[in-house]
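In this note's numbering, the protein residues as written are 28 to 199. Even for Gly, the Cβ is constructed at its ideal location relative to N, Cα and C. Since this is a predicted model, take the numbers as computed values, not measurements. Remarks on the structure that follows.
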């Protein structure tokens, strides 16, 4: 019986290629004039064309930020957006939610605004038309279907008011 030997160079080479591909994708995303150069974007993120992201924000791996032709997503300064967050300014229209091969489905599009210093936990979904005011916190695994007020902490499915963050330092 022939012994199979492990070749570590293959692991190193595949890791190198994967890292280079991820770096290329990040550089391409950051060439988008709507995204500030200081924004940090995790691996495997999908960011649409009408998405505007201000300085100091970071977005965790696997996030999806979708806009439409008639809508946009605006994200303020120094936001923390967790892993696998979905922010979608478009959805299927209830009048014609699917296509039939001849007629294309209709979409509903509404702007999403996320103000400055917002913290969004992992696995959050934010639907079209939502405004999240500054210093708000969205708990992990939440579905945001209503606007969130300044310093408000929300969570759940659908996301509901938990409390206002009165302990926030005045350095902001």
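When secondary structure is reduced to three states using DSSP, residue 196 falls in the coil class, being assigned neither helix nor strand. Of the other Cβ atoms in all chains shown, 16 or more fall within 10 Å of the Cβ of residue 116; this residue is therefore buried. Between residue 70 and the set 81, 48, 101, 134, the nearest pair of CA atoms involves 48. Within the DSSP secondary-structure output, residue 95 pairs in no beta bridge. Counting C-beta pairs closer than 8 Å gives fewer than three between the segment 120-132 and the segment 147-155, which falls short of the contact rule. Residues of the same chain with a CB within less than 6 Å of the CB of residue 176, apart from the 5 flanking positions on each side, are 160 in chain order. In this structure, DSSP gives residue 160 a state outside helix and strand, which the three-state scheme calls coil. Note on residue 92: 16 or more other CB atoms within 10 angstroms of its CB, so buried under the neighbour-count rule.
Approximately 11 Å separates the beta-carbon atoms of residue 89 and residue 108; this is outside 8 Å, ruling out the contact. Counting C-beta atoms within 10 angstroms of its own C-beta, residue 184 has fewer than 16 neighbours from the protein chains shown and is therefore classed as exposed.
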